[in-house]
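J.:
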Amino acid sequence: LSVIGTAAMLWVGGSILTHGAEQLGWTWPYHTIEIAAHAVAAMIPSFEGAVSWIVTAALDGVIGILVGFAIIPVVTRVITPIWTRFQPAR
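Following this note's numbering, the numbering of the sequence shown begins with 33 at its first residue and continues without gaps.
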């Protein structure tokens with residue numbers, strides 16, 4: 033269950049990021065994923081809808097993983113030290 037939950041969070045997070053970026057005018061991630069999904073789905077016409085959804089979900093998950101890895105240094109080297117400075121001494 034934890035593996036499925038993690039995969040779902042990455043997929044949903046990546047989807048939120050690509051859709052949000054598109055709304056802010058940075059359209060290439062969303063459109064690249066859309067083009068790739070339709071291209072792969074066109075290879076399997078009898079399952080076109082399912083394949084398009086699977087490819088989109090997988091690529092959204094990849095975006096989620098990449099952004100997650102990219103923010104690890106920011107959290108560990110910037111946010112955590114700032115946060116600990118404002119915590120009361122123990």
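From the three backbone atoms N, C-alpha and C, an ideal C-beta is built for every residue, glycine too.
Bear in mind the structure is a predicted one, so any value in this text is a computation, not a measurement.
For proline 61, which of Gly93, Ala40, Gly37 has the nearest alpha-carbon?
T.: Position 29 of the sequence shown, counting from 1, holds the residue named residue 61. Minimum Cα distance to proline 61 is reached at Gly93.
J.: So alanine 73 and glutamate 80 are supposed to be a Cβ contact under 8 angstroms. How far apart are they, rounded?
T.: The residue labelled residue 73 in the question sits at position 41 within the sequence shown. The residue labelled residue 80 in the question sits at position 48 within the sequence shown. Correct: roughly 4 angstroms between the Cβ atoms.
J.: Is it right to say isoleucine 95 is buried, meaning 16 or more other beta carbons lie within 10 angstroms of its own, or is it exposed?
T.: In the sequence shown, the residue the question calls residue 95 occupies position 63. Its Cβ being crowded by 16 or more others within 10 Å, isoleucine 95 is buried.
J.: Can you list, in chain order, the residues of its chain whose CB lies under 6 angstroms from that of glycine 37, leaving out five sequence neighbours each side?
T.: Reading the sequence shown from its first residue, position 5 is the one you call residue 37. Cβ within range, chain order: n/a, list empty.
J.: Runs of 4 residues minimum, wholly inside the segment 35–91: which ones carry the alpha helix (DSSP H) assignment?
T.: Listed in chain order, the complete alpha helix (DSSP H) runs (minimum 4 residues) inside the segment 35–91 are 60–74.
J.: Within this structure, are the beta carbons of threonine 88 and alanine 71 separated by less than 8 angstroms?
T.: Within the sequence shown, residue 88 is the residue found at index 56, counting from 1. Within the sequence shown, residue 71 is the residue found at index 39, counting from 1. Their beta carbons are not under 8 angstroms apart, which means threonine 88 does not touch alanine 71 by this criterion.
J.: Tell me the DSSP secondary structure of phenylalanine 118 in three-state form.
T.: The sequence position of residue 118 within the sequence shown is 86, counting from 1. In this structure, phenylalanine 118 counts as coil in the three-state DSSP scheme.
J.: Could you give the DSSP three-state label for leucine 33: helix, strand or coil?
T.: Your numbering for residue 33 matches position 1 in the sequence shown. Looking at leucine 33 - three-state DSSP - the assignment turns out to be coil, as it is neither helix nor strand.
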